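For any residue, its number in my numbering is found by taking its place in the sequence shown, counting from 1, and adding 26.
Heads up, the beta-carbon is just placed ideally off N, CA and C, and yes, glycines get one too.
Treat the numbers as computed from the prediction; the structure is a model and nothing was measured.
Shown next, in structure tokens, is the structure this report addresses.
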Amino acid sequence: MPDTSSAPQSNVQAALYALAAFGIFSTHDVFIKILGAQYSTFQVLFFGALFSFPMITIILMRDAEPGTLRPRNPGWVALRSISGAMAALCAFYAFSTLPLAQVYAAIFAMPLLITVLAIPVLGETVRLRRGLAVLLGLCGVMVVLRPGAADFSLGHAAALVCAVAGALNSIVVRKLGTDERPVVMILYPMMTNFIVASIFLPFFYTPMPILHLGISAIVSAMALVAMFCLILAYQRGQAVLVAPMQYSQILWAILYGALFFGEYPDTLTYVGTGIIIASGLYILRRESNETVSSNRPVLRTRTRLGLPVSVRVGTLMKSGKESQE
């Protein structure tokens, strides 16, 4: 009989690595918020992309697959790159203008949007239960934002656009599957972030002291460390166990918001966030059943929901496997 005694231990390790990853991501967002209060979103993204280049280059050098850097599906790769840049810009702006908990509440709607987009793009069949979960989750978003009852700012709009762009980005990655080399999936979005930020930087640039340049470098390093923790989590445990750990970010948002920014969300924000999380967890649970979903668009989104960056966990895992063959 196969030895299954190590399975519980592996699941515990996976959960701990995932919690560590999302804790690091949440700390990363605190630094983004601090920088965003003093510098434009384009400047924050520019230096984040700039300091990522040396680390990403090392990753790209591990890809031993022969071939060119020309994408086989240029249209889809372009859409992935543009949607990723849009999601990053909108998320950075939202973090700089809104309480952390409100940003997370809005971008946690991404699983709901992935489920909807999977219907036309992936041919996913969404039946009554998942459909109702999506509707309930969107109601939760309305509870948090309360259009008409509270001020709806540009930051709220940016958080919602981030969720939509992030969902589109994830669906495109699922659509491409293994058709593109991992190096292409990494390089083009990274270059898009850098180029978009470079175009607008001259209009918004403010000189940065060494301390803030150092924080920008730390932000880039933290994003990569967090993603490697996620890789370790997915290597040790099932996606249905690892993916829900992302919602632990709301706890960090409450803690960091109170400690550093004097942010105390109201009751309706907690209620709406709870509805969104419950809907997302239900969708993940339903997708874990092979008879319900063949594509599993949310469950296979092995990245940080709501805030895609140029390097995705799944792409790094593919690149690592190929470099070992």
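Counting only the same chain and skipping the five closest in sequence on each side, list residues whose C-beta sits under 6 Å from that of residue i.
i      : result
Glu289 : Pro125 and Gly283
Gln350 : The pLDDT assigned to Gln350 is 39, lower than 50, so where the model puts this residue is not dependable; a value taken from the coordinates is nonetheless given after this. There are no such residues.
Leu258 : Tyr43
Arg322 : Glu313
Thr67  : Leu115, Phe118 and Tyr119
Between the Cα of residue i and those of the options, spot the shortest distance and give me the residue it belongs to.
i      : options                           : result
Glu313 : Leu171, Leu138 and Gln275         : Leu138
Leu115 : Lys59, Ala40 and Leu161           : Lys59
Asp55  : Met248, Lys201 and Thr204         : Met248
Ile302 : Met81, Tyr119, Leu158 and Leu105  : Leu158
Val129 : Leu171, Leu250, Gln69 and Gly149  : Leu171
Met271 : Asn321, Phe79, Cys255 and Met112  : Cys255
Phe220 : Gly240, Ser246, Arg200 and His238 : Ser246
Arg330 : Leu180, Ala269 and Val70          : Ala269
Ala279 : Gln35, Phe57 and Met87            : Phe57
Gly49  : Pro100, Ala75 and Val251          : Val251
Ile276 : Val38, Phe51 and Gln35            : Phe51
Thr83  : Phe72, Ile212 and Ala41           : Ile212
Gly163 : Gly298, Asn315 and Thr317         : Gly298
Gly306 : Ala183, Asn37, Pro291 and Thr327  : Thr327
Gly300 : Ser274, Leu285 and Phe286         : Ser274
Please return the same chain residues whose Cβ sits closer than 7 Å to the Cβ of residue i, not counting the five positions on each side in sequence.
i      : result
Ala243 : Phe77
Leu143 : Ala193, Leu194 and Ile197
Val103 : Pro97, Glu206, Val210 and Tyr214
Met27  : Confidence in Met27 is poor, its pLDDT being 44 and thus under 50, which makes the residue's placement too unreliable to answer from.
Ile145 : Val152
Ala189 : Ala132, Ile133, Ala135, Met136, Leu139 and Gly332
Tyr308 : Ala159
Ile108 : Thr218
Along the chain, where does the alpha helix (DSSP H) containing residue i start, and where does it finish?
i      : result
Leu275 : It is Gln, not Leu, that sits at residue 275 in the sequence shown. Unbroken alpha helix (DSSP H) run through Gln275: Gln275 to Phe286.
Gly149 : Gly149 -> no alpha helix (DSSP H), and no H or E assigned at all.
Leu180 : Leu180 to Leu202
Ser320 : Element bounds for Ser320: n/a, residue is neither H nor E.
Ala159 : Leu154 to Leu171
Arg311 : Thr293 to Glu313
Met271 : That residue, Met271, is in no alpha helix (DSSP H); it is neither H nor E in DSSP.
So residue i and residue j are in contact, right, with Cβ under 8 Å, and what is the actual spacing, rounded?
i      : j      : result
Arg153 : Thr141 : About 11 Å separates the two Cβ atoms, so there is no contact after all.
Ala40  : Gly263 : 2 Å
Ala191 : Ala113 : 4 Å
Residues in its own chain within less than 8 Å of residue i by CB, not counting five upstream and five downstream?
i      : result
Leu148 : Ile197, Arg200, Lys201, Asn321 and Pro323
Gly62  : Val70, Phe118, Tyr119, Phe121, Ser122 and Thr123
Going residue by residue through the region 113-137, where are the continuous alpha helix (DSSP H) segments of at least 4 residues, counting only ones entirely within it? 126-133
Pick out the complete alpha helix (DSSP H) segments inside the region 199-256, 4 residues or longer, and give them in chain order. DSSP runs (the alpha helix (DSSP H)) wholly in the region 199-256: 208-230.
Going along the chain, which unbroken runs of the alpha helix (DSSP H) with 4 or more residues stay wholly within the region 55-109? 67-87
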